[in-house]
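See structure below.
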Amino acid sequence: MLPATEEEAAAAIRAAHAAREPLAIEGNGTKRAMLRPVQAARTLSTRALSGITLYRPTELVISARAGTPLPEIEAALAAHNQQLIAEPPDPRPLFGGERPATLGGVVGANLSGPRRIAWGAMRDHVLGIRALTGTGEVFRSGGRVLKNVTGLDLCKLLTGAHGTLGVLTEITLKVLPRAETSGSLALRLPDIAAGVRALSAALGSPFGVSGAALLPAGFGALTGCVALVRVEDFAASVRYRLDRLTETLGGFGEVARLEEAASVALWRAVRDAEPLAAAPEEAVWRLSLPPSAAPAACAALGRAFGAKLLLDWGGGLVWVAGPASEAAHAAVMAAAGAGTFTLFRAPEALRAALPVLPEEAPALAAIGARVKAVLDPAGILNPGRMRR
Amino acid sequence: MIALPPPKAEILARRPAILADLARLLPADAVIGEPIRLRPYETDGLSAYRQMPLAVVLPRTTEEVAAVLRYCHANGIRVVPRGAGTSLSGGALPLADAVVIGLMRMNRILEVNLADRYAVVEAGVTNIGITKAVEAEGFFYAPDPSSQLACMIGGNVMMNSGGAHCLKYGVTANNLLGLTFVTIEGEVLRIGGTHLDAAGYDWLGLITGSEGQLGIVTEVTVRLLRAPEGARAMLAAFDSVEVAGRAVDAIIGSGIIPVALEFMDKPCIHACEAFAHAGYPLDAEAMLIIEVEGSLAEQDMQLGMIRDICARFAPISMKVAETAEESLAIWKGRKGAFGAVGRISPDYLCMDGTIPTGELPGVLKRIGEMSARYGLPVANVFHAGDGNLHPLIMFDANDPESFRKAEAFGAEILTLCVEVGGCLTGEHGVGVEKRDLMGVQFTARELELQRAIKSAFDPGWLLNTAKVFPLADEARRAA
Ligand SMILES: Cc1cc2nc3c(=O)[nH]c(=O)nc-3n(C[C@H](O)[C@H](O)[C@H](O)COP(=O)(O)OP(=O)(O)OC[C@H]3O[C@@H](n4cnc5c(N)ncnc54)[C@H](O)[C@@H]3O)c2cc1C
Ligand SMILES: Cc1cc2nc3c(=O)[nH]c(=O)nc-3n(C[C@H](O)[C@H](O)[C@H](O)COP(=O)(O)OP(=O)(O)OC[C@H]3O[C@@H](n4cnc5c(N)ncnc54)[C@H](O)[C@@H]3O)c2cc1C
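This is the structure in structure tokens:
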């Protein structure tokens, strides 16, 4: 189903609710291979609900319908020298396909890129939503102003809920000016532990680092990696800050400088997890950890299945690629420890059989079930997508 | 006056037994029942409303909080969580048949990890206490409400508090990693952790700003940031509010995001100057305080750019701080704004709506007209970068008619904020104060949905009842 208006989408959901007929919810379906497969006879796509509905550059807000392709939003912002703050990844390198992500999909999955470490996640910039419940009723939360604490924050509840608590129809985001320029430092380090320490030193400096990643050299090998540190600001500030960071990081190894064009290209690749070089048949996981726990987790994954690795967010985000097997998944779950994991991409059979996210404590799961029953009483929205 | 629900008579009747039960659950010094010792808890930052509670408990551990909640849940007793009691919306106002659970004795810093840039603290640690614990190493906790010397992190989480620097650093919700959260049934839940971004539903995001409606927070894991090399402020004064508003738009539109961008109107400038002697221009209709961060050279560069922008709007004066001391002097008046207004008028109501910044001149003009109509003076101070207004309505609490007018004036301002595309509250919360205005911003079904989510956490509606949501029709009928 491809409703062209919110009212058509509502009617479709009302009919599905009345018939107790599950619906798969998607934008362009770019992340269909993410999380668990949905068992639904019909799919409701919001991609025809498209278009920017409000853009006020001086108020730092943009609103668009959920199906608006991300590149359209990025182009509109770029025309006013602004950008999406959380730097959401382009799903095409990892998931294949031609069509770009929609706004609804990126918000529904709460996907953020390298800048998350400094400027917040997608969920931090969702100012307002319009959405449909599983009974086809429209509701709003938040608004179009930068500060708003009126009532319960259902924007955050629906962001990252993967369409299981409601169908987003329109989203308002906070945006920011694009920095005048950017540049990066790169340095070779003997191992991931040294790499994370270098990134922590950079992030613990007063020099406004807006990207901190580790690219293990010779993927699979745990010896040798390249740390990348980015600064985005006015040109004079970028020069000054990179100079000072070169001093901060000097004790860790020889520091090379990347000018804007090279830096931009490299960070786009990190954003889209390209250095992970995941083969089509391999599974991909994302782990979120306190950075200092990352080296041990990476070592365990290296021993378990020679994992391919890419670290972002100062070491707090670990991208992992490896065999699409239950054994590899068990190793990832163990390595996540007190942090969290997402089975990001895998063949359908594996995703159907395994927990793609950590289990919740029973009391929290019970609250979750009650919240789900409020927003989707018949359980027709994306059943089974996040948990069995 | 906003109505509180009638107390449950059978709970009031059981008061002695309830106090005895609580004294068995907690150490003797943690339970308060004598009227004279209950008195300090009868109100919060919205002091026009007062209500003595049934009892106050001051637990020291998460287990003690859980024990009290389990008991209250089993016995159908209402509960009002309380931090420092600085809420300006009556969020911590007691109910006659409720046990106030005060978190102020849970004031330990449990862990500081600078390599991973987080701290785990108990809910009763003050906002400034977190920064104090890490500033020697050059770190800080970013959200900085003006009440930061007193207010507690648990209260900040529940109100999703902001501050003067949230234009750059975000509000409380943007600076949290995890919580220890106790449900009304007394279940202790870990929400989030020491890592970024939950896998699964964003419970952390839903609980933040929920005003004590969903459960009690006993521990908070906050993100720590490295402080910038330095910061400096400037002020720019204009002869009209509208021109100052255009200067704000021009600054934001230029690509500079100052760490703070504050606005004061003439009555506020005068009140602050009389109080703080900060050297504010008394002939100005509007004044901006703009702060930037970085090395000295970076500060100079950005202040220079902002000065050039302001110069295009014919300012009547500009002053750039040359030193940290001059910067403090510029801030001194602004930070004392509420106290300064309190000196002119013994009583004031602080409003907290947010508007799209483009609507600023029109909204300030309408507030001026309302002030004349109600016959009550108003001073405007607010966070200009994000459109969060704080009109301070001055009145005389000894005159019930004056208070009634002040409340009506405030409601009219907030309704106007919603009409122009904004909201009822940007950072102070709904509490009791704005509860009955919720229907201005939300449809009946939207409110019903929020209530149903509250019910998913608190089916018996024992947690902070009569706040946030308009009393349900059935409750009003019973009243
Ligand atoms: C002791 C007690 C005290 C209370 N005090 C107050 C009070 O002071 N103030 C107050 O405001 N309320 C109060 N309430 C709550 C109020 O009376 C209603 O119970 C509440 O508003 C409805 O929530 P519910 O969970 O009962 O849902 P129900 O009314 O049972 O809703 C029915 C079902 O409809 C669904 N639903 C609800 N809304 C939507 C929607 N928009 N879209 C789709 N589906 C929806 C849900 O799945 C829900 O299960 C109190 C309730 C109790 C029991
Ligand atoms: C002079 C002054 C200036 C202020 N400036 C600002 C400002 O700049 N920005 C801003 O955002 N606010 C400001 N405030 C408002 C107020 O300080 C904040 O709302 C603050 O976060 C409240 O913290 P508290 O510890 O006093 O909480 P309280 O007032 O005690 O409680 C606030 C709410 O949270 C609940 N609560 C408290 N602790 C818990 C807990 N542990 N678990 C569950 N629920 C809990 C209470 O029931 C209540 O609903 C100001 C207030 C004053 C008096």
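Those protein sequence lines, which keep their order, are chains A and B. Reading the first sequence from the start, the letters are residues 0 to 387 in numbering that gives the first Met the number 0. Reading the second sequence from the start, the letters are residues 0 to 478 in numbering that gives the first Met the number 0. Note that beta-carbon positions come from the ideal geometry of N, C-alpha and C, so glycine has one too. No experiment lies behind these values; they were computed from the predicted model shown.
> What are the boundary residues of the alpha helix (DSSP H) that includes A/Val237?
Replying inline: According to the DSSP assignment, A/Val237 belongs to the alpha helix (DSSP H) that extends over Ala234 to Gly249.
> Closest Cβ-Cβ distance between A/Trp318 and chain B: below 8 Å?
Replying inline: Not an interface residue.
> What span of residues does the alpha helix (DSSP H) with B/Gly332 cover, start to end?
Replying inline: For B/Gly332, the uninterrupted alpha helix (DSSP H) segment begins and ends at Ala323 to Lys334.
> Applying a beta-carbon distance threshold of less than 8 Å, which residues of chain A neighbour B/Leu423?
Replying inline: What B/Leu423 touches in chain A: Thr149.
>> Taking 7 Å as the cut-off, is the C-beta of B/His72 nearer than that to any heavy atom in ligand 2?
In response: Placement of the Cβ of B/His72 at a distance of 7 Å or more from every heavy atom of ligand 2 is found.
>> Between A/Arg175 and chain B, is any beta-carbon pair separated by less than 8 Å?
In response: The sequence shown places Leu at residue 175 of chain A, rather than the Arg named in the question. Proximity of A/Leu175 to chain B, defined by a Cβ-Cβ separation below 8 Å, is satisfied.
> Listed from N- to C-terminal order along the chain, which residues in the stretch 285 to 298 of chain A have their beta-carbon within a distance smaller than 9 Å of any beta-carbon of chain B?
Replying inline: The residues in question are Arg285, Leu286, Ser287, Leu288, Pro289, Pro290, Ser291 and Ala292.
> Curious, which full-length alpha helix (DSSP H) runs of at least 4 residues does the stretch 37 to 90 of chain B contain?
Replying inline: Segments of the alpha helix (DSSP H) lying fully in the stretch 37 to 90 of chain B: 61 to 74.
> Along chain B, in chain order, which residues have C-beta atoms closer than 8 Å to that of A/Tyr239?
Replying inline: A/Tyr239 reaches chain B at Ser294, Ala296 and Glu297, counting residues in chain order whose Cβ is nearer than 8 Å.
> Of all the alpha helix (DSSP H) runs that stay within the bounds of the stretch 51 to 88 of chain A, which reach a length of 4 or more residues?
Replying inline: List check, alpha helix (DSSP H) in window: 69 to 78.
> In the DSSP assignment, what residue or residues form a beta bridge with B/Pro390?
Replying inline: In DSSP, B/Pro390 forms a bridge with B/Asn379.
> For A/Ala220, which residues from the same chain have a beta carbon less than 7 Å from its beta carbon, with the 5 sequence-adjacent residues on both sides left out?
Replying inline: Confidence at A/Ala220 is low in this model, with a pLDDT of 43, below 50, so its placement is unreliable and the value that follows should be read with caution. Beyond the five residues adjoining it in sequence on each side, A/Ala220 comes within less than 7 Å, by CB distance, of no other residue in the same chain.
> Cα-Cα, which of B/Gly244, B/Ala407 and B/Ser294 is closest to B/Thr322?
Replying inline: For B/Thr322, the nearest C-alpha among the options comes from B/Ser294.
> B/Pro6: which of B/Gly44, B/Ala97, B/Pro39 and B/Asp395 sits nearest, CA to CA?
Replying inline: Closest option to B/Pro6, Cα to Cα, is B/Ala97.
>> Less than 6 Å between C-beta atoms, sequence neighbours within five positions excluded: which residues of the same chain meet that for B/Leu348?
In response: Apart from sequence neighbours up to five positions away, the residues of its chain that approach B/Leu348 with a beta-carbon distance below 6 Å are Ile392, Ala405 and Gly409, ordered along the chain.
>> Which residue marks the beginning of the beta strand (DSSP E) containing B/Cys349, and which one marks its end?
In response: Here the beta strand (DSSP E) through B/Cys349 covers Asp346 to Cys349.
> Excluding five sequence neighbours on each side, which residues of the same chain lie with their C-beta closer than 7 Å to the C-beta of A/Tyr54?
Replying inline: Ile61 and Ala75, listed in sequence order.
>> If contacts are defined as beta-carbon pairs under 8 Å, then B/Val156 and B/Thr171 qualify, I think. What distance do you get, rounded to the angstrom?
In response: Yes, they are in contact, since the Cβ atoms of B/Val156 and B/Thr171 sit about 6 Å apart, within 8 Å.
> Under three-state DSSP, which class holds B/Thr130?
Replying inline: Three-state result, B/Thr130: helix.
>> Just to confirm before moving on: does the CB-CB distance between B/Ala465 and B/Leu94 stay below 8 Å?
In response: In this structure, B/Leu94 lies closer than 8 Å to B/Ala465 by Cβ.
>> Tell me the rounded alpha-carbon separation between A/Leu308 and A/Val317.
In response: Per the coordinates, the alpha-carbon of A/Leu308 lies some 7 Å from the alpha-carbon of A/Val317.
> Between B/Phe402 and ligand 2, is the CB less than 7 Å from at least one heavy atom?
Replying inline: No, Cβ of B/Phe402 sits at least 7 Å from all heavy atoms of ligand 2.
>> Excluding the 5 residues flanking B/Val419 on each side, which residues of the same chain have their C-beta closer than 8 Å to its C-beta?
In response: Exclusion of the five residues before and after B/Val419 leaves Ile354, Pro355, Glu358, Gly361 and Val362 as the residues of its chain whose Cβ lies within less than 8 Å of its Cβ.
>> I'd like to confirm something about B/Ala80: is its beta-carbon nearer than 7 Å to some heavy atom of ligand 2, or not?
In response: Rather than Ala, the amino acid found at residue 80 of chain B in this sequence is Pro. At least one heavy atom of ligand 2 is nearer than 7 Å to the Cβ of B/Pro80, so yes.
>> Which complete alpha helix (DSSP H) runs does the stretch 255 to 295 of chain B hold, if anything under 4 residues is left out?
In response: You should have 265 to 275.
> Regarding B/Val242 and ligand 2, is the C-beta to nearest heavy atom distance less than 7 Å?
Replying inline: B/Val242: no, Cβ never under 7 Å from ligand 2.
>> Considering just the uninterrupted stretch of the beta strand (DSSP E) at A/Arg41, what are its terminal residues?
In response: For A/Arg41, the uninterrupted beta strand (DSSP E) segment begins and ends at Arg41 to Ser44.
> Is A/Glu152 buried or exposed, if buried means 16 or more other CB atoms sit within 10 Å of its CB?
Replying inline: In the sequence as displayed, the identity of residue 152 of chain A is Asp instead of Glu. Under this definition A/Asp152 is a buried residue.
> Alpha carbon to alpha carbon, how far is B/Leu415 from A/Leu175?
Replying inline: If I take the Cα positions, the gap works out to 27 Å.
> Rounded to the nearest angstrom, how far is the Cβ of A/Val225 from that of A/Gly182, given a contact under 8 Å?
Replying inline: No, A/Val225 and A/Gly182 are not in contact; Cβ-Cβ is about 16 Å, not under 8 Å.
> What is the C-beta distance between A/Leu34 and A/Met385, in whole angstroms, given that I count them as a contact (C-beta under 8 Å)?
Replying inline: For A/Leu34 against A/Met385, the beta-carbon gap comes to about 6 Å, under 8 Å, which counts as contact.
> Looking at the unbroken alpha helix (DSSP H) that takes in B/Asn112, where does it start and where does it end?
Replying inline: That residue, B/Asn112, is in no alpha helix (DSSP H); its beta strand (DSSP E) goes Ile108 to Asn112.
> Which bits of chain A does B/Glu445 rub up against, with CB to CB less than 7 Å?
Replying inline: Within chain A, the residues near B/Glu445 are Phe138 and Arg139.
>> Please report the distance separating the alpha-carbon of B/Asp43 from that of A/Asn147.
In response: Near 22 Å, if we compare the C-alpha coordinates of A/Asn147 and B/Asp43.
> What residues of chain B sit near A/Val331, judged by a beta carbon separation below 7 Å?
Replying inline: Simply none; closest approach about 12 Å.
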